[in-house]
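Top line first, the protein sequences correspond to chains A, B and C. Residue 1 is where the first sequence starts when you use my numbering, and the numbers rise one by one after that. Residue 1001 is where the second sequence starts when you use my numbering, and the numbers rise one by one after that. Residue 2001 is where the third sequence starts when you use my numbering, and the numbers rise one by one after that. Just so it is clear, CB atoms sit at the ideal spot from N, CA and C, and this is done for glycine as well.
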Amino acid sequence: MDWSFFLEVAIGGLLAGVMYSLVALGFVLIFKASGVFNFAQGAMVFLAALIFVSLVEKKWNLALAFAATLAAMVVLAFVVERLVLRPLVNQPPISLFMATIGLAYLIEGTAQGILGAQVHGLDIGIPDTPIQLGAINVSRFDLFAAGVAIVLVALLSVFFSKTRVGRALRAVADDHQAALAVGIPLEQIWVIVWTASGFVALVAGILWGSRTGVQFSLTFTALKALPVLILGGFTSIPGAIVGGLIVGASEKLAEVYIGPKIGSGIENWFPYVLATLFLLVRPEGLFGERRIERV
Amino acid sequence: MRPALMFGALAFALAAGAAAPALAQNEQFIPMADYRIGPYAAGGTGTFGGFIDYLDMLNKRDGGINGVKLTWEECETEYKNDRGVECYERLKKKGPTGAAMFNFLSTGITYACIERATADKIPIVSIGYGRADSSDGRVFPYIFPLVTNYWSQNTSKIKFIGMRSGGMDKLKGKKIVNLYHGSAYGKETIPILDLQAKKYGFTVTHLEVPHPGNEQESQWLQIRQLKPDWVILRGWGVMNPVALKTAAKVGYPRDHIVGVWWSGAEEDMIPAGDAAKGFIAAAFHPSGTNFTVIQDIKKYVYSGGHKGNLEDMSRFGSIYYNRGIIHGILNTEAIRTAQAKFGNKPLTGEQVRWGLENLNLDDKRIKELGAYGLLQPLKTSCLDHEGGGAVKFQQWDGKKWKLISDWIPADKDMVRPMVEESAAAYAKEKGISPRDCSKE
Amino acid sequence: MIYREAGQLKSSYEADQQIFPILQDRIAFLGLLAAAFVLVPLVGNDYWFNAILIPSLILSLAALGLNILTGYAGQISLGSAGFMAVGAFAAYNLMLRVPHMPVLASFFLAGLVAAVVGLLFGLPSLRIKGFYLAVTTLAAQFVIEWALTKFSWFSNNSPSGVINAQKIVILGVRFETPVRRYVLTAAIVALLALAAKNLVRSRLGRAWMAIRDMDVAAEVIGIPMLKTKLLAFGVSSFYCGVAGALWAFAYLGSVEPQAFDLNRSFQILFMVIIGGMGSILGSFLGAGFIVLLPILLNVAAHSFFRGGVSQTLASNLELMVFGALILFFLAVESHGLARLWQIGKEKLRLWPFPH
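Structure, rendered in structure tokens:
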């Protein structure tokens, strides 16, 4: 066995996994604070990237375009709170899940209807070229993405544990009604958490978009995030990162080493099977909270 | 109740839409089952933009075809088979003589409508996609995979690789990787590649990229291990730019990657940026606006503040747009051919079928159409519903496509037996007795 | 006034336990059947059979299958389309490889094959719950799609992986015209719907609902968890399998594995949620809503905006209105269309004196 190749596949997989984690983070934020499985996260990634790239193509400065897109995501958060969350408060999770699918259609239609179905290239000035580390090639862009992910997770962790709003968020996640009872404004919390997840979507959209181009298929990134969520748990921020790393590395290794034996193209389902097997042992995910059920 | 009101309004709209009267009788109806939303919207808007603009131009410049005005109606398929079938059923009887023919720009919808269309006597035209074996007109009288099918195109590609390597005998011992999209479309050329590998003595490794293909790290690392001489990219949508980006990442030379024409539009290259430079793709027509027919469209459709069907003028003359013009030319020429036999009046699908089967576009006619260099000479018959079969190759220079070969004809001796064998199997499965072409 | 049970006294347990205890419901149901099998075939045209009725009915059947699993037994699944694919390819291969195979028997056996596959993928449900289970059922969706594309034996070595369904001939009668295919589909769907209605009222159905409402409690009162959950997966997959076979044989005629992709699974789930979880009627209403609405919107958009708005914008507006309507219906009645129907019936019962 060629160990340097093995290592290269594993590292490539880990770095790809970071890209999955970025999308998964958005899911986790919303699930944590409102118990909503937000299917529209992929559509949000697409919308954010499309607004950003449209501004960049109008010769906006990158930072300015970023700020403007973020403002758009704040508006989206307000709209979602008003039109989706408030009317559906106290509904069963499955209805909320369905509502986010409706929301996804609404976002996709708005994005393509107003900004067009055209495919855009996005260059943020980080070359996607390899640097040599011993016998192994690692892409500069991947390293940059990993760095961004670390910063993002650090920021979010500080936000959740150190700030007043963050503590309120955790209270809401633990118990909606108790949080309401002690005077935490639920509507505001929702807007904040959807804004945060819009911010994550924007970062993910820029990174994914500069690799795959900004086009409709950015919405598919959500699919890559699902097994990450199962492995890491729906409510854990570090879980999203660790889950992403595991999914990324294992699917690449499986494709390269198991794939040729049973027919290639297995990496689409391999993470799901892996996640299922894993869940059989630990049904609450890697970092999920253990539930105790009583009759 | 509000929902009831809304439904009422919608039902009214449905009734109004269905009962749109066919006022003028001297009209030929061409249905446009297109897709403008979803992951393939760029292809749909570009191609149908060119198609509709061409028809519009014919109406404005010549008053239609021999005085018969062309009309059309769009129907959104979302690239989904069931929506496509619905569009087919909705539009098939529109117009004074029903639909002239259908173009779905989707292999899946084409498959799903083959039996319906044959029963309804409405031809389906699938230019550059669809069932390869429907080239056999004896078994598929109503299906026309015009210009070139996937199998023909593949033999041209191997010929091209042979030419680049200094002759077909030089292919011996070469290594080729076939990187394909994990779908029915992607798989379709595996048998013919295996056959050619045997004939020319190269080895071929098939690597699948699971749909949608926005992550290809493992495939390209494998390719780097295999060190193939050439990579054939049978991509689709987002898979194309990601393939080129990842190739650049692992250091595989892009000018040794040859793509199918679904990998060869500007939309597939732009997202890849510099990584796309040098990539080669098959094309059955070039891009560019330097053709009389395209200038005519500009003059008649886009002048004096008028707008055509294409919204983003930066895509005027792009690969997809020009493919739409090819669609327009071939479909209308079929109607013109059929008019020569049945008279200058609106024709039924069955009559248009005859036109499609007796198309004969030689260089002279193509020059008259102002499409010299855009379209290859094409002649169909009862036996052969494909017609042309040649492919050019183009290279991406970072900004636009540049042609780097002349028309390279397909290896018909290899493709035809496969087509006939596959069509015969279909006929047997379906209990169809093939037509006798000597009697046509 | 017209619709009320007052005066309809029951004198036996059988009478009390029948499917439609109220006379008006029985009449309405028989009327519906009569309309479906007599009136519609007489007045319908090709467009309605081919493009609306047949696909809606088939998807209703799949939604019914998923509703048994999700609405009654409380297990969320995103793999329904995968089981439909199993059914379609199983029926095709049975017809192809078993000589003298009757079509109806092949549909039934295809359903059984799908049921077996469903059982297999249902096993994790014993430990995994809620959204975690939903995501693990995606494994079924992707593995099945991959296997059917990858191994060309399933498609009889067709190079493109597309299968062409055999002709439907039952007792010498050919089911080729749209109206005949419609009648066949409607008959199978009606039969299976009736079976489902009875099933969910049976001991097994009550066990499913007990598990749905609280599985720990259900286990405590002695409901065998393994058997009951797996049966839910099996029965549900059977329905999806038959629906898949019909999709290939009675509707499209030729299908590829990609016809049963993840989007189809989602579509079926939408039908269940919009129609109403735990309601047989809801499965039909939901399927009608999800199939018809985009078509209505498309027709509406193209007749209202003809020439006015750009076609791309019109198409996107459709998508937006579709999304907005989903949100609207969920806000008005998050228990689905079936619940609206029920509320309507309640009101009718009191009419014209609502107080």
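8 Å Cβ cutoff, residue i in contact with chain C
i         : result
B:Lys1444 : For chain B, the structure presents residues 1001 to 1440; residue 1444 of chain B sits outside this window and is missing.
B:Ser1126 : no
A:Pro260  : no
B:Leu1023 : In this prediction, B:Leu1023 scores a pLDDT of 48, lower than 50, which makes its location untrustworthy; the coordinate-derived value is nonetheless stated afterwards. Not closer than 8 Å to any Cβ of chain C, the Cβ of B:Leu1023 fails to qualify, so no.
A:Thr163  : no
A:Ala49   : no
B:Thr1155 : no
Check whether residue i and residue j have beta carbons under 8 Å apart
i         : j         : result
C:Ser2106 : C:Ala2091 : yes
A:Phe31   : A:Phe216  : no
A:Ile11   : A:Val151  : no
B:Tyr1426 : C:Val2162 : no
A:Ile189  : A:Ala40   : no
A:Gly35   : B:Asp1312 : no
A:Gly244  : A:Tyr20   : yes
B:Ile1223 : A:Gln112  : no
A:Asp128  : B:Ala1247 : no
B:Glu1386 : B:Leu1146 : yes
B:Trp1396 : B:Phe1279 : yes
C:Phe1983 : C:Pro2178 : Nothing about residue 1983 of chain C can be read from this structure; chain C reaches only from 2001 to 2355.
A:Val247  : A:Pro271  : yes
Residue i at chain B interface by Cβ criterion, 8 Å
i         : result
C:Tyr2182 : no
A:Asn268  : yes
A:Gln132  : no
C:Asp2185 : Here residue 2185 of chain C is Thr; the residue named in the question, Asp, does not match the sequence. So, not an interface residue.
A:Val172  : no
C:Lys2167 : yes
A:Pro117  : The amino acid occupying residue 117 of chain A in the given sequence is Ala; Pro does not appear at that position. True, the Cβ-Cβ gap to chain B drops below 8 Å.
Closer than 8 Å to chain A by CB, residue i
i         : result
C:Ser2237 : no
B:Thr1045 : yes
B:Lys1214 : With the sequence shown as reference, residue 1214 of chain B is identified as Asn, and Lys is not the correct amino acid for it. Judged by the 8 Å Cβ criterion, B:Asn1214 is in contact with chain A.
B:Gly1273 : yes
B:Pro1241 : yes
B:Gly1237 : yes
Distance between beta carbons of residue j and residue i, contact taken as under 8 Å
i         : j         : result
C:Ala2073 : C:Ile2211 : 6 Å
C:Leu2069 : C:Phe2233 : 6 Å
A:Val23   : A:Ala225  : 4 Å
A:Ala275  : A:Leu231  : 5 Å
B:Val1352 : B:Ala1371 : Wrong, their Cβ atoms sit about 20 Å apart, outside the cutoff.
Cutoff 6 Å; reference residue i; Cβ partners in own chain excluding five residues on either side
i         : result
A:Gly259  : Ile266
B:Ala1015 : Because the pLDDT at B:Ala1015 is just 47, under 50, the model does not fix this residue reliably, and the point stays unresolved.
Chain-order list of residues whose beta-carbon lies under 7 Å from that of residue i (same chain, five-residue window excluded)
i         : result
A:Leu70   : Phe199 and Leu202
B:Gly1041 : In the sequence on display, residue 1041 of chain B carries Ala and not Gly. Closer than 7 Å at Cβ, skipping near neighbours: Tyr1035.
B:Glu1421 : none
Cβ-based neighbour list, residue i, same chain, cut-off 8 Å, excluding 5 preceding and 5 following
i         : result
C:Ile2058 : Thr2185, Val2189, Ala2243, Leu2246, Trp2247, Ala2250 and Tyr2251
B:Leu1310 : Thr1045, Gly1046, Gly1049, Gly1050, Asp1053, Phe1316 and Tyr1321
B:Pro1021 : Caution applies to B:Pro1021, whose pLDDT of 44 falls short of 50 and renders its modelled position unreliable; the value that the coordinates give is listed next. For B:Pro1021, where only same-chain residues beyond five positions count, there are no Cβ hits under 8 Å.
B:Glu1078 : Tyr1035, Ile1037 and Gly1038
Counterpart residues of residue i in DSSP-defined beta bridges
i         : result
B:Cys1075 : B:Ala1033
B:Asp1136 : B:Asp1384
B:His1206 : B:Asn1178
B:Trp1230 : B:Ile1176
B:Tyr1372 : B:Leu1375
A:His120  : A:Val214
C:Arg2174 : C:Val2169
A:Gln132  : A:Asn137
B:Trp1396 : B:Trp1401
B:Ala1283 : B:Lys1392
Amino acids of chain D, ordered along the chain, whose beta-carbon sits closer than 7 Å to that of residue i
i         : result
C:Ser2315 : Among the chains of the structure shown, chain D does not appear; the protein chains present are A, B and C.
Residue i beta carbon near the ligand HEM (any heavy atom closer than 7 Å)
i        : result
A:Leu207 : Inclusion of the ligand HEM in the displayed structure is not the case, the ligand content being empty and no account of it being possible.
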